Amino acid sequence: MKMSRNKGRRSFLVSVTTLAAWAAIVIGITIGSSSPLWAGPFKTTITSYGNVPAVLYSEIDALMLSLESEVNKRLPDTSNGSTYLKGMSNASVIALKGIGVDYASAPDIFVVGAGVGVGADVGNASLSKVVGGDIDARQLRGFGAAASVMAGVNLAVFPFMPTIWVIDLKRMQLFMNFWKMDVPKFDSSLSGELTSFGFHLQYKLMDGIKVPIFLRWGGIDFTTGFDYSTMDILFVQDLNKSASRVIPSVAFGNPTANANFIGRASAGANVKVRTIPIELSTHVQLLYVLTLFGGLGADFNSGGADANARLNGTIAVSDNLGTINGVTANAALDLGSHGTPSSINTRWFLGGQLNVTLLKVYAQINHGIGQDTWGVNAGVRIAY
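Structure representation (structure tokens):
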């Protein structure tokens, strides 16, 4: 009778937890969708039209808009400052996913390892264009990075672990992760610091099935926990961009006007995000050597990003005939002041793991559903 009661409770737990996780995912799909716009942070303000008559002011305005477009091709994709900072926050959230949890090893006792993750809000660009190099990394609406060492333990190794109502603690794994580092100097224009911390619990909702010789299904796991990440990042970009436009004026001789900006832009953000994930995952092991895993998740996020932006340089306006004089303009870099991540976002994730006895080498892809965020992480682990 007691065994029957425990089975009934476990079945109830599986049903309730699965429904709750699916509800969180569906809510996140509804709330987390977005419709991105394209623009840039480099803005000009004309301070004097010089000797240009008022009837031609619109031509000088159009020339400056063309210059903005040219400069913004080398700067982050933003419709406004808050969009950029929101993108940085969302990219930092998705960069965390997978580096502090093991979805594939199912250790009997423990797992330890290390991993790195990167995330990006690609904005209006497609992922294929980003991967193919058609889009400069500086044009991403936001990017994030994380690195961590992790350790996990299967509570089944402790014989005194009780069953609390319907929760059998022997079916649970606990994970913790932490790391702090400077951003690697792959590019002299990039500098920054990364910190990540998290703890997670993973509960076996449904046992797996072994097929003789070559195949094992790992069942269904429910994972939740807490992640915290900080990223202080700064890009420095030297700029020398020009734009030209024919000014339709007989009095001026129909000259071709040129606007040129020479200067240096520093664009970055100080990001701090906190996220609580709710995930359902599964995995399949083939011939022991290869494990494929995947799942769906919903993240409840807080925190945000503060802008770090500076612009030094000058705008010079001239023409090929020397008839336009005295036009002056200022330039500014608008990355906003503060942006927050989507309060709820959903994602799918897929990955693969090579198993060489105790050593595991894995890679994972994450994608925000209804968002333009992508994340990739990879690492090594030892599971026993």
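The numbering used here runs 1 ahead of the 1-based position in the sequence shown. In this text, a Cβ means the ideal position worked out from N, Cα and C, and glycines have one as well. Since this is a predicted model, take the numbers as computed values, not measurements.
Query                                                                                                                                                                             : Result
Contact check, alanine 384 vs aspartate 103 under 8 angstroms by CB: the rounded distance?                                                                                        : 7 angstroms
For alanine 310, which residues of its own chain have a beta-carbon under 6 angstroms away from its beta-carbon, when the five flanking residues on both sides are left out?      : Ala268, Leu334, Leu336
What are the residues that DSSP puts in a beta bridge with lysine 361?                                                                                                            : Asn356, Arg382
Could you check where the beta strand (DSSP E) with isoleucine 100 kicks off and where it finishes?                                                                               : That residue, isoleucine 100, is in no beta strand (DSSP E); it is neither H nor E in DSSP.
Which full runs of the beta strand (DSSP E) of 3+ residues lie inside the segment 305-347, going along the chain?                                                                 : 328-334
For serine 106, I'd like the list of residues in its chain whose CB is within less than 6 angstroms of its CB, leaving aside the five on either flank, ordered along the chain.   : Val112, Lys361, Ala384
By the 10 Å Cβ neighbour count, where 16 or more other Cβ atoms means buried, how is valine 56 classified, buried or exposed?                                                     : exposed
With DSSP collapsed to three states, give me the class of aspartate 62.                                                                                                           : helix
For threonine 31, which residues from the same chain have a beta carbon less than 6 angstroms from its beta carbon, with the 5 sequence-adjacent residues on both sides left out? : Because the pLDDT at threonine 31 is just 36, under 50, the model does not fix this residue reliably, and the point stays unresolved.
Between valine 328 and tyrosine 50, which are expected to be in contact by the criterion C-beta below 8 angstroms, what is the C-beta distance as a whole number of angstroms?    : 6 angstroms
Note down, one range per segment and in chain order, each beta strand (DSSP E) of at least 3 residues found wholly within the segment 161-228.                                    : 173-183, 191-207, 210-212
Considering arginine 275, what are the terminal residues of the beta strand (DSSP E) in which it resides?                                                                         : 257-287
Residues in the same chain with beta-carbon distance under 6 angstroms from leucine 293, minus the five sequence neighbours each way, listed in chain order, please.              : Val285, Gly353
Can you find the residues in the same chain that come closer than 8 angstroms, C-beta to C-beta, to leucine 291, ignoring five residues on each side of it along the sequence?    : Gly353, Gln354, Leu355, Asn356
Is alanine 24 helix, strand or coil by DSSP?                                                                                                                                      : Annotation note: pLDDT 39 at alanine 24 (below 50); position unreliable, coordinate value reported separately. Helix, per DSSP.
Would you please state the rounded distance, in angstroms, between the beta carbons of proline 249 and threonine 324? I believe it to be under 8 angstroms.                       : The Cβ separation is near 13 angstroms, so there is no contact.
Nearest-angstrom Cα distance between asparagine 321 and serine 59?                                                                                                                : 19 angstroms
Leaving out five residues before and five after serine 303 in sequence, what residues of the same chain have Cβ atoms less than 7 angstroms from its Cβ?                          : Arg275
Grab me the residues of glutamate 194's own chain with a C-beta within less than 6 angstroms of its C-beta, minus the 5 sequence neighbours each way, in chain order.             : Asp183, Asp233
Tell me the residue span of the beta strand (DSSP E) that contains valine 150.                                                                                                    : 143-155
State yes or no: is the C-beta of phenylalanine 96 within less than 8 angstroms of the C-beta of valine 119?                                                                      : Residue identity differs from the one stated: residue 96 is alanine in this sequence, not phenylalanine. The answer is yes: Cβ separation under 8 angstroms.
Using beta-carbon positions only, say whether valine 381 and alanine 148 come within less than 8 angstroms of one another.                                                        : no
Would you report the Cα separation of leucine 288 and lysine 98, rounded to the nearest angstrom?                                                                                 : 27 angstroms
In angstroms, rounded to a whole number, what distance separates the CA positions of glycine 371 and threonine 48?                                                                : 42 angstroms
For alanine 244, which three-state DSSP category applies?                                                                                                                         : strand
What residues are listed by DSSP as bridge partners for phenylalanine 159?                                                                                                        : Paired residues: none, contrary to the question.
Using the Cα positions of glutamate 69 and phenylalanine 262, report the straight-line distance between them to the nearest angstrom.                                             : 9 angstroms
Is the beta carbon of alanine 306 closer than 8 angstroms to that of serine 90?                                                                                                   : yes
Using alpha carbons as the reference points, say which of Ile214, Thr225, Thr358 lies closest to leucine 206.                                                                     : Thr225
Taking C-beta to C-beta, are glycine 314 and arginine 265 nearer than 8 angstroms?                                                                                                : yes
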